[in-house]
Structures are given as C-alpha cells and as structure tokens.
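Visitor: Let me give you the structure first, and then I'll get to my questions.
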Amino acid sequence: MQENAVYIYKCRGEFVKDFVPFVTKFYKDISGGREKVSVDYKSDLERGSLIELLNESFERESRLGYTTVGVHRDELLFGMDGEQIRKVGSQGQQKSFLISLKLAQYSLFKENTKHNPLLLLDDVFDKLDIKRVEFLLNLVSSSTFGQIFITDSNKVRIENILSEIGNESKTVEIEGGVIL
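Position one of the sequence shown corresponds to residue 1033 (our numbering), numbered consecutively onward.
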C-alpha cells in the first residue's frame, strides 16, 4: 500500500508541475493580467510516510470508522492573489479560473498526444465581463486551438461576439432539440 501511495503522490506531483504553467498563463491571458492565480497540491505524504501516518491516526480512525490520512485525501488548492479563489473571487473570476483549467487540460492533452482535441465551451460567456470575453475569444481563435464548439443561450450575444473576432464560424440554432 505504501508503494502505491508514493507512486500516486509522485504522479500527481508531476502532473501538477506540468499543468500549473498552463493554468496561470491562460488565466493571465483571460484576465488581462489583473490577478495572479495558483494551484497547489497538498498531500498527507508531505508530512511523512503512509505507514507512519496510519500508525499515528489508528486510534482516531478506529473510533471514526474510516481512514483520515492517505492519498485519497489529497487536495488541489486553487488560489488568487494569495487567498482561496472560492472565498475571494467574484463569479467572473471563478468562471475565468475554471475556463483556464479547461484550456490547460486541453493544452496538456495536446502536448502529450500531439493531437488537437475538440474544445467545448458550454455557456462560457455567462458571468464574464466584456473584457474577459474578448481576451478569451482572441485566445481560442488563435491557430493553437483546433475545432471549437461554443454554446450560448443568447443568440444575439454569440453572433455579435463571433462577428467581432472575424474568424470563420458557423452558428447553429437549436430549439426543442431540433436544429432550426
């Protein structure tokens, strides 16, 4: 069990090390550099070996009936300007961060597989101010990204936004499950 836990811990650490630069870059691009974000990986294994941690917590865990230490309790902490983004970020900042996570995942997948995955941005403009929308669209309309599907419940907004970026696009309207 110790070997598997250490393996998982190391793999997650390597993933985060590769992932974070993409997240911070995309957030900076979307926000115009207005805030600084972070992603930190926290694990019990930073405090000692799994065997030691399990021995230390044995009595407590016996009373509780479940394990309180181990890699299953690891966390990713999302920050903005030194605080937890869920506590201090506006809805637009939190949505920008989620989009940055998605774009980072896209980029890491592309880097590792050498293929452009399909990018789906579902109802992405809600909660974003116009500046963030512009930054995001300029970012995803670059040649870095392949085929992109963007959904929006506001037909006029999406048509205006797409006409401003000037890249080739096609708008499809669906109502009641039927393509109009």
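Where a beta carbon is used, it is the ideal one built from N, C-alpha and C, also for glycine.
Quantities reported herein were computed from a predicted structural model and do not represent experimental measurements.
Find out if the Cβ-Cβ distance for the pair V1071, F1051 is shorter than 9 Å.
Guide: yes
Visitor: Can you grab the Cα-Cα spacing for the pair N1148 / L1085, in whole Å?
Guide: 42 Å
Visitor: Would you identify the three-state DSSP class for Y1098, choosing helix, strand or coil?
Guide: Taken through DSSP and simplified to helix, strand or coil, Y1098 comes out as coil.
Visitor: Compute the beta-carbon to beta-carbon distance between L1109 and A1037, rounded to the nearest angstrom, for a pair I have assumed lies under 8 Å.
Guide: Actually they are not in contact, since the Cβ atoms of L1109 and A1037 sit about 20 Å apart, beyond 8 Å.
Visitor: For S1139, count neighbouring C-beta atoms within 10 Å of its own C-beta (all shown protein chains included) and say buried if the count is 16 or more, exposed if not.
Guide: S1139 should be labelled buried.
Visitor: By how many angstroms is the C-alpha of V1156 removed from the C-alpha of L1169?
Guide: 10 Å
Visitor: Is it right to say S1132 is buried, meaning 16 or more other beta carbons lie within 10 angstroms of its own, or is it exposed?
Guide: buried
Visitor: Could you check which residue in K1068, I1040, Y1041 and V1055 has the C-alpha nearest to that of Q1137?
Guide: V1055
Visitor: Find the nearest neighbour of V1188 within the set G1198, E1166 and T1203, judged by alpha-carbon distance.
Guide: T1203
Visitor: State buried or exposed for D1141, treating a residue as buried only when at least 16 other CB atoms are found within 10 Å of its CB.
Guide: Going by the sequence as given, residue 1141 is Phe instead of Asp. Exposed, since its Cβ has fewer than 16 Cβ neighbours within 10 Å.
Visitor: If the criterion is Cβ atoms closer than 9 Å, does the pair R1044 and V1101 meet it?
Guide: no
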